[in-house]
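Using our numbering, you'd call the opening residue of the sequence shown number 9 and step up by one each time. Note that beta-carbon positions come from the ideal geometry of N, C-alpha and C, so glycine has one too.
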Amino acid sequence: MPSTPAPPDRMNSAERTASLQIASLYALRMLGLFMVLPVLALYARGLPGATPFKLGLALGIYGLTQALLQIPFGTLSDRFGRKPMLLIGLALFGVGSLIAALGQGIDTIILGRALQGAGAISAVLSALLADLTRPSQRTKAMAIIGVTIGTSFSLSLFLGPLLDRVMGVRGIFLLTALLTAIALIGAWRLPLPPRSEAPHTETADWRHLIDPLLWRLNLGVFLLHLMLTASFIAIPILLHDQMGLAQGDHWKVYLPVMLAAFLAMAPLVMRTGRGSVGPIFLMSIVLLGCAQFGLLWAPHHWAVLLLMLWLFFTGFNVLEASQPALVSQAAPVHAKGAALGVYSTAQFLGAFAGGVLGGTLASRWGASALFELHALICLAWLALSWPLRHLSMQDGRGATLTSQTAET
Numbered sequence: 009m010p011s012t013p014a015p016p017d018r019m020n021s022a023e024r025t026a027s028l029q030i031a032s033l034y035a036l037r038m039l040g041l042f043m044v045l046p047v048l049a050l051y052a053r054g055l056p057g058a059t060p061f062k063l064g065l066a067l068g069i070y071g072l073t074q075a076l077l078q079i080p081f082g083t084l085s086d087r088f089g090r091k092p093m094l095l096i097g098l099a100l101f102g103v104g105s106l107i108a109a110l111g112q113g114i115d116t117i118i119l120g121r122a123l124q125g126a127g128a129i130s131a132v133l134s135a136l137l138a139d140l141t142r143p144s145q146r147t148k149a150m151a152i153i154g155v156t157i158g159t160s161f162s163l164s165l166f167l168g169p170l171l172d173r174v175m176g177v178r179g180i181f182l183l184t185a186l187l188t189a190i191a192l193i194g195a196w197r198l199p200l201p202p203r204s205e206a207p208h209t210e211t212a213d214w215r216h217l218i219d220p221l222l223w224r225l226n227l228g229v230f231l232l233h234l235m236l237t238a239s240f241i242a243i244p245i246l247l248h249d250q251m252g253l254a255q256g257d258h259w260k261v262y263l264p265v266m267l268a269a270f271l272a273m274a275p276l277v278m279r280t281g282r283g284s285v286g287p288i289f290l291m292s293i294v295l296l297g298c299a300q301f302g303l304l305w306a307p308h309h310w311a312v313l314l315l316m317l318w319l320f321f322t323g324f325n326v327l328e329a330s331q332p333a334l335v336s337q338a339a340p341v342h343a344k345g346a347a348l349g350v351y352s353t354a355q356f357l358g359a360f361a362g363g364v365l366g367g368t369l370a371s372r373w374g375a376s377a378l379f380e381l382h383a384l385i386c387l388a389w390l391a392l393s394w395p396l397r398h399l400s401m402q403d404g405r406g407a408t409l410t411s412q413t414a415e416t
């Protein structure tokens, strides 16, 4: 535990420093993963051997390797320490970035993205954050991570097309390798956490995975990242082919949209911290569904397109920033690591499914079929999440997450 004395309701200096350091590692890695998201689809379709299926695989394969290795990395970090596994994961991510940068065909891009995902350090970082913060401050630390992830994602969407105009997709992959080197230095400087003396209860961990609130959150992050990855097969092509916008100018769309979405997201996330979780959670799903439905009418109508993208990214950012904190709060103390590991696995499986599904569906029936499917997914997600409408976060010492209706 951090040794600096502090009131139980405030983070001490060691906790603030650790939270910001870990948030920085998340940010560097998120930028590396997602800067290519808005430009990879257009770039990869011109590579030798490219097919719609392989295009989707190039976008989403990192999610499969992340999902497969997330829990093993977390388990190995329990045995060998957080820092060694963190360094190994970042090294794999950097090697994958270099392979993708130097590759000549779609298959090499897929291999590089797979290795990027093999550096599955999300669960390790979450566990390290838990090691370095008191239970009473853990939700605040997770909120810092959530906001960092949302901000990094927003930055990556407009930085990707902007950097593509200057250095190309290969240059973005090389820049990612450089960012990874910086992250390795930052990881090396992290403090060593104290070893936990709490006994590990495998049965209890797995039993809590079927908690009705947790499985809804896991399903939610799966669907959220499925729609995100699939959308970035359709949206760049829509901007380029139907709206006539050059790939290097896509940042002119993403920048104002993401700024507006961030301004709308911030007060909503702050309200979830003060207790209003359920209504905002459901409203965010509605925003996603409305956006997907509206995108059916977006081609050739700039105002409709911009509005729908704003709705989509507002809903996405709220859910992306708030759900990890909800999982951290909802899981029992002795099962937090398992719960966060399963949550991360569901998130990355969603990204993989979105890439494969999006590439296949868009190639056969067009982007409109993809948006229609997403709208139906949002309707089903809303129905399954309706029991969470009274979900509330009770602030204060020993904060708890409560729901009057989160029942199976």
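Quick check: the Cα distance between residue i and residue j, rounded to an integer number of angstroms?
{"i": "ILE157", "j": "ALA31", "result": "8 Å"}
{"i": "LEU84", "j": "ILE129", "result": "11 Å"}
{"i": "GLY64", "j": "MET19", "result": "42 Å"}
{"i": "ALA377", "j": "LEU50", "result": "19 Å"}
{"i": "THR59", "j": "LEU192", "result": "35 Å"}
{"i": "ASP219", "j": "LEU392", "result": "14 Å"}
{"i": "SER164", "j": "ALA274", "result": "18 Å"}
{"i": "LYS260", "j": "PHE88", "result": "46 Å"}
{"i": "GLN29", "j": "MET38", "result": "14 Å"}
{"i": "PRO169", "j": "GLY176", "result": "9 Å"}
{"i": "GLY366", "j": "LEU295", "result": "20 Å"}
{"i": "LEU227", "j": "VAL132", "result": "21 Å"}
{"i": "ALA254", "j": "SER134", "result": "39 Å"}
{"i": "GLN145", "j": "THR353", "result": "24 Å"}
{"i": "PRO264", "j": "SER160", "result": "15 Å"}
{"i": "ALA151", "j": "PHE240", "result": "26 Å"}
{"i": "PRO340", "j": "LEU225", "result": "15 Å"}
Grouping DSSP H, G and I as helix and E and B as strand, with all else coil, what is residue i?
{"i": "PRO220", "result": "helix"}
{"i": "ARG18", "result": "coil"}
{"i": "HIS248", "result": "helix"}
{"i": "MET43", "result": "coil"}
{"i": "ALA277", "result": "In the sequence as presented, Ala is not what sits at residue 277; that position holds Val. Helix at VAL277."}
{"i": "PRO264", "result": "helix"}
{"i": "ALA306", "result": "coil"}
{"i": "PRO287", "result": "helix"}
{"i": "PRO56", "result": "coil"}
{"i": "LEU253", "result": "coil"}
{"i": "HIS233", "result": "helix"}
{"i": "THR322", "result": "helix"}
{"i": "THR438", "result": "Residue 438 cannot be examined here, being either before or after the span of the chain that is shown, 9 to 416."}
{"i": "LEU225", "result": "helix"}
{"i": "LEU315", "result": "helix"}
{"i": "LEU198", "result": "coil"}
Under 7 Å, do residue i and residue j count as touching if we go by C-beta distance?
{"i": "LEU232", "j": "MET43", "result": "no"}
{"i": "LEU200", "j": "ALA26", "result": "no"}
{"i": "GLY97", "j": "VAL364", "result": "no"}
{"i": "ILE107", "j": "ALA66", "result": "no"}
{"i": "PRO56", "j": "GLY111", "result": "no"}
{"i": "ALA383", "j": "GLY302", "result": "no"}
{"i": "LEU276", "j": "VAL335", "result": "no"}
{"i": "ASP172", "j": "VAL47", "result": "yes"}
{"i": "LEU234", "j": "GLY125", "result": "no"}
{"i": "ALA195", "j": "LEU95", "result": "yes"}
{"i": "ALA35", "j": "THR73", "result": "no"}
{"i": "LEU222", "j": "ALA338", "result": "yes"}
{"i": "GLN355", "j": "VAL229", "result": "yes"}
Within 7 Å of any Cβ in chain C, is that where the Cβ of residue i sits?
{"i": "ALA151", "result": "As a matter of chain content, chain C is missing from the structure shown, which is built from one protein chain."}
(message) With three or more beta-carbon pairs closer than 8 Å as the criterion, would you say the region 321-328 touches the region 261-270?
(response) Touching, yes, given that three or more Cβ pairs across the two stretches are closer than 8 Å.
(message) Contact between the region 99-110 and the region 180-200 is defined here as three or more beta-carbon pairs at a separation below 8 Å; is this criterion met?
(response) Between the region 99-110 and the region 180-200 there are three or more inter-stretch CB-CB distances shorter than 8 Å, so the stretches are counted as touching.
(request) Kindly provide the ranges of any beta strand (DSSP E) runs that are 3 or more residues long and lie completely inside the region 327-411, ordered along the chain. (result) Counting whole runs of 3 or more residues, the region 327-411 contains the beta strand (DSSP E) stretches 400-402, 408-410.
(request) Jot down the residue ranges of each uninterrupted alpha helix (DSSP H) in the region 58-131, minimum 4 residues, whole runs only, in chain order. (result) Listed in chain order, they are 60-88, 90-110, 114-126.
(message) For the structure I just gave you, are there three or more beta carbon pairs, one from the region 327-340 and one from the region 306-317, closer than 8 Å?
(response) No, because fewer than three Cβ pairs between the region 327-340 and the region 306-317 fall closer than 8 Å, the two stretches do not touch.
(request) Kindly provide the ranges of any alpha helix (DSSP H) runs that are 4 or more residues long and lie completely inside the region 159-184, ordered along the chain. (result) Those alpha helix (DSSP H) runs which fall completely within the region 159-184 and span 4+ residues do not exist here.
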